[in-house]
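See below for the structure under consideration.
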Amino acid sequence: MLFAIGAAVVLILLQTLLVYLGWLPETAVSIANTVIKVLAAAVAGVIVGTHRTKAAWWYGGAAAVAAQIVLWALMSLYLGEWNVSWSLFADLLLSFAVGGAISALLLRKRA
């Protein structure tokens, strides 16, 4: 899970740099954020899916949600705003679905 968080933080920093340099328009930031969130959930699902044998979908989803909570806390700390909204809950649900699905698929592939 820490690898997923680290990879997402690096992608967020890269996104910030691209916006600062003017290579990425500000209108594309929300799309890039969504891609980063899905990638972090997918990485968490892959990590869990390669190491768990029982209830991989549950642990993969939980790891993805934990990664999203940590990323949300880091971004909130950075921005100085602690907004809990329906968007956060939707992100957590999406993370659980992506992480759980990837973990379950990897477990099925190994079986």
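For reference, each letter of the sequence shown is one residue, going 747 to 857 in our numbering. All residues carry an ideal CB built from backbone N, CA and C; glycine is no exception.
For the pair of segments examined, the region 806–825 was found to touch the region 785–796: the number of CB pairs separated by less than 8 Å reaches three.
By the neighbour-count definition (other C-beta atoms within 10 Å, threshold 16), Phe835 is an exposed residue.
Secondary structure of Leu770 (DSSP, three-state): coil.
The C-alpha of Leu825 lies about 22 Å from the C-alpha of Trp769.
Ranked by Cα distance from Ile758, the options Trp804, Leu820, Ile815 are led by Leu820.
The residues Ala802, Gly806, Ile848, Ser849, Ala850, Leu851, Leu852, Leu853, in chain order, have a CB closer than 8 Å to that of Gly795 in the same chain once the five nearest residues on each side in sequence are set aside. In this structure, DSSP gives Gly846 a helical state, which the three-state scheme calls helix. Looking only at Trp818, Leu817, Arg798, the smallest Cα-Cα distance to Arg856 is reached by Arg798.
Under a 10 Å Cβ-count criterion, Lys783 is classified as buried, with 16 or more other Cβ atoms of the shown protein chains found around its own Cβ. Going by DSSP, Thr796 is part of no alpha helix (DSSP H) at all; its letter is neither H nor E.
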